[in-house]
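Sequence positions in the sequence shown follow this note's numbering and run 574 to 862.
Accompanying notes for the structure given below.
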Amino acid sequence: MMATPLDVNMSNSIAVVTGATGGIGKEIARALAGMGATVVIGARNPDRGERARADIGAGAAGPVSVMRLDVARQSSIREFAAAFTKRFGELHVLINNAGAWFTDRRESPDGLELTFATNVLGPHLLAELLLDPLRTPSRSRVVNVVSSIQGNYDATDLQFTRRPYDGSKAYGQSKQALSMLTWGLASRLAGTGVTANTAAPGFVKTDFNQNAHGFRATMINLSLRLFGVSPEKGADTPVWVAAAPELDGVTGKYFAARKEQEAKTRDRGPIVDLERRCQQLEQEAAQRG
Ligand SMILES: NC(=O)c1ccc[n+]([C@@H]2O[C@H](COP(=O)([O-])OP(=O)(O)OC[C@H]3O[C@@H](n4cnc5c(N)ncnc54)[C@H](OP(=O)(O)O)[C@@H]3O)[C@@H](O)[C@H]2O)c1
Numbered sequence: 574m575m576a577t578p579l580d581v582n583m584s585n586s587i588a589v590v591t592g593a594t595g596g597i598g599k600e601i602a603r604a605l606a607g608m609g610a611t612v613v614i615g616a617r618n619p620d621r622g623e624r625a626r627a628d629i630g631a632g633a634a635g636p637v638s639v640m641r642l643d644v645a646r647q648s649s650i651r652e653f654a655a656a657f658t659k660r661f662g663e664l665h666v667l668i669n670n671a672g673a674w675f676t677d678r679r680e681s682p683d684g685l686e687l688t689f690a691t692n693v694l695g696p697h698l699l700a701e702l703l704l705d706p707l708r709t710p711s712r713s714r715v716v717n718v719v720s721s722i723q724g725n726y727d728a729t730d731l732q733f734t735r736r737p738y739d740g741s742k743a744y745g746q747s748k749q750a751l752s753m754l755t756w757g758l759a760s761r762l763a764g765t766g767v768t769a770n771t772a773a774p775g776f777v778k779t780d781f782n783q784n785a786h787g788f789r790a791t792m793i794n795l796s797l798r799l800f801g802v803s804p805e806k807g808a809d810t811p812v813w814v815a816a817a818p819e820l821d822g823v824t825g826k827y828f829a830a831r832k833e834q835e836a837k838t839r840d841r842g843p844i845v846d847l848e849r850r851c852q853q854l855e856q857e858a859a860q861r862g
């Protein structure tokens, strides 16, 4: 059963949705544009971005545009943030939805393990670089799309250089780390009008297994096809966290199926440590140019 559609007018809101070329992200973008928001699709592949824009734009109340953004490439995030800030100046909703998992260990253009670069460092750097436009309106929201799969966090081996690489563990670690960064962001921004929460979409029938191979990936794929919900349903909680009037001012929470869930990773020390590690990796990449 679909949840009740939100009766919210977002015609004065600007939203950025990463990974909105397909899957859950495209449905998040469609729902926000349907409520009248100006939606910017952050896409690494402009052709796929354009196809999504054409698909969503036809029935949307708000304008939809595409800007180039590869969340696994730090120079791309910096270029996107600068171009977005120049073009729009303000941002009401940032949805860090782009994400991936890989059964083999890969590296980003910056030489970082690709799950960590895509699912953790990308959302961290993007939110940091968009803080000025997020602070410009009196109210704005950051929504980080996570998963109920979280765990295997090791601050001393975030990129699986010491541990044998395991794609599921790397993915679980990445979503735990993204959650921890969300609590850190929420506490740093307390009282500013910018909120930061996480949303899990559930088990959703998308192309999420496109980079996974082998027996486990085949089984997950089969289960997804059999038991996964539609991308539209998967988008429901992230959209609700981004737009529901009853969540005005609510920050530092974890939601699934439109309900608050317990989050176990709130210790301050590890969060501050992770923020420092992310900043260091970002500075190193910036210095390399
Ligand atoms: N499906 C599930 O059951 C499930 C469950 C829990 C959480 N999630 C989370 O939901 C989010 C969306 O996943 P999905 O299921 O919709 O998967 P999907 O169908 O594979 O879509 C992933 C999206 O992310 C984009 N993307 C990946 N890497 C990127 C990069 N480096 N830069 C920019 N965009 C990038 C893809 O763009 P391209 O078109 O360029 O590939 C695509 O638009 C992810 O964060 C995932 O972890 C999914």
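Don't be surprised by glycine CBs; every beta carbon is placed ideally from N, CA and C.
Computed from a predicted structure; not experimentally measured.
- Apart from the 5 residues on each side of it in sequence, lysine 748 sits with its Cβ closer than 7 Å to the Cβ of Asn692, Val719, Ser720, Ile722, Gln723 in its chain, given in chain order.
- The beta-carbon distance between threonine 755 and asparagine 725, rounded to whole angstroms, is 18 Å. This is too long to meet the 8 Å contact definition.
- By the CB criterion at 9 Å, glycine 662 and arginine 641 fall outside the cutoff.
- Taking the Cα of glutamate 835 as reference, the smallest distance to any Cα among Val802, Thr771, Val612, Ala631 is reached at Thr771.
- The bridge partners DSSP lists for lysine 832 are Ala829.
- Leaving aside the five residues that flank alanine 773 on each side, the residues in its chain whose CB is nearer than 8 Å to its CB run, in chain order, Val718, Val719, Ser720, Ser721, Thr810, Tyr827, Phe828, Ala829, Gln834.
- Contact annotation: leucine 664 and tryptophan 813 have beta-carbon atoms that are not nearer than 9 Å.
- The Cβ neighbour count for aspartate 643, taken over all protein chains shown within 10 Å, is at least 16; the residue is labelled buried.
- Beta-bridge pairing by DSSP links glycine 615 to Thr591, Met640.
- In its chain, beyond the 5 residues on either side, Leu754, Cys851 have a beta carbon closer than 6 Å to the beta carbon of histidine 697.
- Residue state for alanine 634 is assigned as coil, using DSSP reduced to three classes.
- Contact annotation, phenylalanine 776 with valine 802: C-beta distance approximately 7 Å; criterion of less than 8 Å satisfied.
- Excluding sequence positions up to five before and after alanine 690, its CB lies within less than 6 Å of the CB of Ala645, Ser681, all in the same chain and listed in chain order.
- Distance between aspartate 677 and serine 741, taken at the CA atoms: about 10 Å.
- For the 9 Å CB-CB criterion, isoleucine 668 and proline 804 do not form a contact.
- A Cβ-Cβ contact shorter than 9 Å links leucine 699 with isoleucine 650.
- The beta carbon of glutamate 855 sits closer than 6 Å to those of Leu698, all from its chain and outside the five residues before and after it, given in chain order.
- Counting the other Cβ atoms within 10 Å of the Cβ of threonine 577 gives fewer than 16, which makes it exposed.
- By alpha-carbon distance to leucine 605, the top candidate from Ala816, Leu820, Leu707 is Ala816.
- If you ignore the 5 residues before and after valine 715, its C-beta comes within less than 6 Å of the C-beta of Leu667, Ala700, Ala769, all in its own chain and listed in chain order.
- For the segment 653-704, the continuous alpha helix (DSSP H) assignments of 4+ residues that do not extend past its boundaries occur at 695-702, in sequence order.
- A direct Cα-Cα distance of roughly 29 Å separates valine 767 from alanine 743.
- With a beta-carbon spacing of about 13 Å, threonine 658 and proline 710 fall beyond the 8 Å limit used to define contacts.
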